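So the protein lines, in turn, are chains A and B. So the number in the numbering used here is just where the residue sits in the first sequence, counting from 1, plus 22. So the number in the numbering used here is just where the residue sits in the second sequence, counting from 1, plus 128.
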Amino acid sequence: MEKIVYSKEQARELYEKMATIRYFEACIKHDSLAGEIPGFVHLYIGEEAIATGVCAALRQDDMIESTHRGHGHCIAKGADVNRMMAEIYGKETGLCQGRGGSMHIADFSIGMLGANGVVGGGYNLAAGAALANKAVLKNDKVSVVFFGDGASNRGTFHEAMNVASAWKLPVIFVNEMNCWASTTPYRATCNVENISDRAKGYHIPGVIVDGQDVFAVYEAAKAAVERARSGEGPTLIEAKTYRIEGHFVGDPELYRKKEETLKIFQDTDPLRIFRQKKILPDAECNEIEARCEEAIRKAKEYALSCSYPDAESFMKYVYVD
Amino acid sequence: MSIKTYKEATWEAMKEEMLRDPSVYAMAEDIIGNGGSMGHYIGLGQAVGDENRVLDAPISETAIVASAVGAALAGMRPVIDMRFSNCLPVCMDELTNQAAKSRYMFGGQGKVHMVVRCPDGIMKMQGAHHTDCLEAWFAHVPGLQVVIPSSPAEGKGLLKSAIRNDNPVIFFEHKTLFKMEGEVPEEEYTIPIGKARVARDGKDVSIIVYGVMVSRALEAAKVLEQEGVSAEVIDLRTVSPWDKETVLASVRKTGRVVVAHEAVRQCGFGAELSATIGEEAFASLKTPVVRIGAPFVPIPMSPHLEDMCRTLPKDIISAVKRVLS
C-alpha cells in the first residue's frame, strides 16, 4: 500500500479528537465518582485512537452504530460536546433530551445512530442501514458498527456477518479488542485468539491493526471504506487495544491488578504514541490539550446550567403522533 | 365490493403500498420460492415491477428484525414477516429493546416505521412451536403497536395503515384467516389504528374480541339470537393502542361482558380488558366479567388435545350463559 503522508492539519485534527475524548472521559469519571452524574457510565480512556481513526475515514453522512462504551464514537463522529455532556447529565438540552443518557446517546444529524445498552445489539442495525442505503436508496453511504471482544460471542455477530457478506453490504465491523468482556478475560470464554480470523468463515477480509496507533487505524478504515463504497462488501477490522478503566465507573476491579493496568496504559497510551511520532511538536500537542481541557470544562458548565426535562412531556416520543 | 380471500386482500395492500411509496420493501425467509409461509407474497416483486424490493432472508430472525430497525432509521419502511409467530421469541431484543425504544431513547431522533407480520394461532396439528398467540407479550411493551385483523377487508385496510404508520407495528394474522373470503371494497381505503368497531349491535351482553375470534363471536351471537339473547360484538382491531372508549360504551349499555381470545387465558389480553372494565365501569356491571381463552398449556399436537385449546363459538355461548345467569 502507498504510504500516506499526513498534513499538519490532518494530524492536528486527529490529536484534537483523541484529546477531546480523553478530557471528556476524565471529566465524566470525576463527576460520576463524585455522584454528580446520574446513571451508569462506561469509559473509553486508552481506546481513543480507534474511534478517532475510523471516523476520520468516514463522511458525515456515513452511519455508525455504537456500544455502551460510546462517548468516544460520538465525539469522533463529530457530536457537540456540550449537548453530549447535557445528555449524560440528563438535561433537556441533551442530544436525546435526557431520555437516553450515556448508554443510549445518539446524534442522527451526524449519522451517529446510537449507543446500545445491549451488547451485540448494533451489528444488524448497521447491516439494515447499509441494506437501505445500498439496495433501495441507492447511495454510497457506508455503515460502521463498533463492538467489543465480548460482543463477538453473540449469535447476532454471525447473522450480521453472514448477511453483510451474502449481500455485499457496505458495512465495516470494527472490533475493539480490549481483552475484557466486562469482568471476564476474553480468552477465558473464547478459544480464538484473533477475532479477525472469523472473517474467513464469511469470505470477507479480516485485518488486525494496532488500535493504539491512530494512523494505522485510519489507514485500515480507509481501505475498508473504499472497499465498501465501491460495492465490494464488508470488512472486519480487529483493533488491538486494552480496557484501561473498569467495566463501568465504580467497578471494584477485583479481577485484575491496578499496577498492571497502569503499566499497560503507560506503554500503550495512544496520545503518547502519537507524540512519539513527532509529526507535531510537543508544544503544539500541549496547546491542543489545553484547548480540549477548556472545551470540556465549558461543556460541563453548560450541562450544569441547563434544566432537567419538563416532567409533563416525559411521555413524548414513545409513539410518533 | 368484490369477494376476496384474506390472502388476496392483504397481497393487494402490499402491492398498493409498494407502488405508492418506494421506501416500502418486504423481507422474510422463503418469501420468493413459495411466496411466504402462507403463499401471501406470490408474485409481489413482479407485480410492483421491482423484484429488488422483495427480499429472501437467511434463516436469521435477529438479522431480519434488527436490519428492519436499522433500515427504518435510515428512512425505509420495511415489512418483514416472521412466517410463524413463534419465531418472535428468537428476536425479542430486536423487537422490544431496539424497535420499541429507539425513538424514545434518542429523544425523538429517527422513526422506526416498520411492520412485523406474524401468522399465528391454531390451524391444524402444527404443535407448540408454530401456534402461539403472543399479542399480550407485545401489548405490554411501550413503543410497539399491536394490530390483529379479523377479515379480508379489515386485513387490507389495517395493513395499509400499519405500513403508513410511523411506529413499529406487530401485525398478528391468524393462519386460518388466509383462506377466509369476504367482501372487500374496490376503492382505496385505510382503517385507523386504535379504533374498534361494533361488529354487531346488541343490548344484553358485550362480547369483546379481536382477530379470528370476531367471526367466531358473530357465529355465537347468531345462535344466541335464536335463544332470545341480543349480543353485541366489539372487534378491537388493535390491542395496543386499544379503544377503551368503544369498549366501555358497550359495557355501560349491556352491563354484561364476555372477553374471549385464543391465547392462553392466564395473563392474556383479556386480563387487561377485564381489569379496566372493573376499574372504570364497575357500577354498570350486572355480573362479573367472564374471560375465556386457552388452558395454561403448550398447544399439543394430537388432534383431540389440540381441540381442547381452541376457543370456539360454543365456548363463547356457554360464557354468555354464565354472565346472563
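A virtual CB, placed ideally from N, CA and C, is assigned to each residue, including glycine. No experiment lies behind these values; they were computed from the predicted model shown.
Just to confirm the assignment, what range does the alpha helix (DSSP H) spanning A345/B have? Start and end: 341-354.
Per DSSP, cross-strand counterpart(s) of T366/B: Among the bridge pairs identified by DSSP, T366/B is matched with V275/B.
With three or more beta-carbon pairs closer than 8 Å as the criterion, would you say the stretch 178-195 of chain A touches the stretch 256-263 of chain A? Two segments are said to touch when three or more pairs of C-beta atoms, one from each, lie closer than 8 Å; by this definition the stretch 178-195 of chain A touches the stretch 256-263 of chain A.
Among L153/A, V342/A, S327/A, M337/A, whose alpha-carbon lies nearest the alpha-carbon of E109/A? In terms of CA proximity to E109/A, S327/A leads the group L153/A, V342/A, S327/A, M337/A.
Indicate the three-state DSSP secondary structure (helix, strand or coil) for I208/B in the structure shown. In the three-state reduction of the DSSP assignment, I208/B falls in the strand class.
Which of helix, strand or coil DSSP assigns to Y324/A: The three-state secondary structure of Y324/A, taken from DSSP, is helix.
Against M233/B, what residues of chain A qualify as contacts under a CB-to-CB distance less than 7 Å, listed in chain order? C118, R121, G122, H126, listed in chain order.
Are P186/B and N184/A close, meaning C-beta to C-beta below 9 Å? In contact: P186/B and N184/A (Cβ atoms closer than 9 Å).
Any beta carbon from chain B within less than 9 Å of F130/A's own beta carbon? In terms of beta-carbon proximity, F130/A lines the interface with chain B, with at least one pair separated by less than 9 Å.
Rounded to the nearest angstrom, what separates A284/A and A173/A at their Cα positions? The amino acid at residue 284/A is misidentified as Ala; the sequence shows Leu. Cα-Cα distance, rounded: 25 Å.
Who are the near neighbours of E311/A in its chain, counting only those whose CB is closer than 7 Å to its CB and skipping five residues on each side? These residues qualify, in order along the chain: A41.
Which same chain residues, not among the five before or five after T138/B, have their C-beta less than 7 Å away from its C-beta? In the same chain as T138/B, and ignoring 5 residues on each side of it, the C-beta atoms closer than 7 Å to its own belong to H168, G283, K284, L287, in chain order.
For chain B, is any of its Cβ atoms less than 9 Å away from the one on L258/A? Cβ-Cβ to chain B under 9 Å: no for L258/A.
For A409/B, which residues from the same chain have a beta carbon less than 8 Å from its beta carbon, with the 5 sequence-adjacent residues on both sides left out? Closer than 8 Å at the Cβ level, and outside the excluded window around A409/B, lie L376, V379, R380.
Start-to-end residues for the beta strand (DSSP E) that takes in L183/B: Here the beta strand (DSSP E) through L183/B covers 182-184.
Counting only Cβ pairs nearer than 7 Å, list the residues of chain B close to E181/A. Contact note: E181/A reaches chain B through S188, T190, A191, using a C-beta cutoff of 7 Å and chain order.
Neighbourhood of I97/A by C-beta, 8 Å cutoff - its chain only, sequence neighbours within 5 removed: Counting only Cβ-Cβ distances below 8 Å, and skipping sequence neighbours, we find K39, T42, I43, F46, A73, V103, M106.
Do three or more CB pairs link the stretch 121-130 of chain A to the stretch 232-239 of chain B at distances below 8 Å? Contact holds: three or more Cβ-Cβ distances are below 8 Å.
Between the CA atoms of E400/B and D363/B - distance to the nearest angstrom: Between D363/B and E400/B, the C-alpha separation is close to 16 Å.
Suppose the cutoff is 8 Å on Cβ atoms and the five residues either side in sequence are ignored; what does the same chain contact list for R211/B look like? Closer than 8 Å at the Cβ level, and outside the excluded window around R211/B, lie A156, E157, D158, G164, S165, P247.
Determine, using beta-carbon pairs with one atom in the stretch 302-317 of chain B and one in the stretch 131-145 of chain B, whether at least three such pairs fall under 8 Å. The count of Cβ pairs closer than 8 Å, one atom from the stretch 302-317 of chain B and one from the stretch 131-145 of chain B, reaches three, so the stretches are in contact.
Give me the Cβ distance between A200/B and K252/B, rounded to the nearest whole Å; I'm assuming they're in contact under 8 Å. Between A200/B and K252/B the beta-carbon gap is near 35 Å, outside 8 Å, which marks them as no contact.
To the nearest angstrom, how far is the alpha carbon of I318/A from that of R245/B? Approximately 47 Å, taken between the alpha carbons.
Identify the contact partners of V197/B in chain A, using a Cβ-Cβ distance below 7 Å as the criterion. When 7 Å is used as the limit between beta carbons, V197/B is near these residues of chain A: L147, G150, in chain order.
Name the chain C residues whose beta carbon is nearer than 9 Å to that of Q394/B? The question asks about chain C, but that chain is absent: this structure's protein chains are A and B.
Contacts of R181/B in chain A (Cβ-Cβ under 9 Å): Near R181/B (Cβ distances below 9 Å), the residues of chain A are A157, V158.
Between T382/B, Q273/B, R344/B, which lies nearest to L305/B when the distance is taken from Cα to Cα? Distance from the Cα of L305/B is smallest, within the candidate group T382/B, Q273/B, R344/B, for R344/B.
Check whether the Cβ of K288/B sits closer than 8 Å to any heavy atom of the ligand PLP, and report yes or no. Inclusion of the ligand PLP in the displayed structure is not the case, the ligand content being empty and no account of it being possible.
Rounded to the nearest angstrom, what separates G143/A and S334/B at their Cα positions? If I take the Cα positions, the gap works out to 44 Å.
D289/A vs K262/A beta-carbon contact at 9 Å: The answer is no: Cβ separation not under 9 Å.
Of all Cβ atoms in chain B, is any one closer than 9 Å to the Cβ of E35/A? Against chain B, the CB of E35/A has no partner CB under 9 Å away; the residue lies outside that interface.
What do you reckon, are the CB atoms on H93/A and I50/A nearer than 9 Å? A contact, by the Cβ cut-off of 9 Å.
Reduced DSSP category for I194/A - H, G, I as helix; E, B as strand; rest coil: Per DSSP, reduced to three states, the secondary structure at I194/A is strand.
Pull up the DSSP beta-bridge partners for V326/B, would you. Under DSSP, V326/B forms a beta bridge with I362/B.
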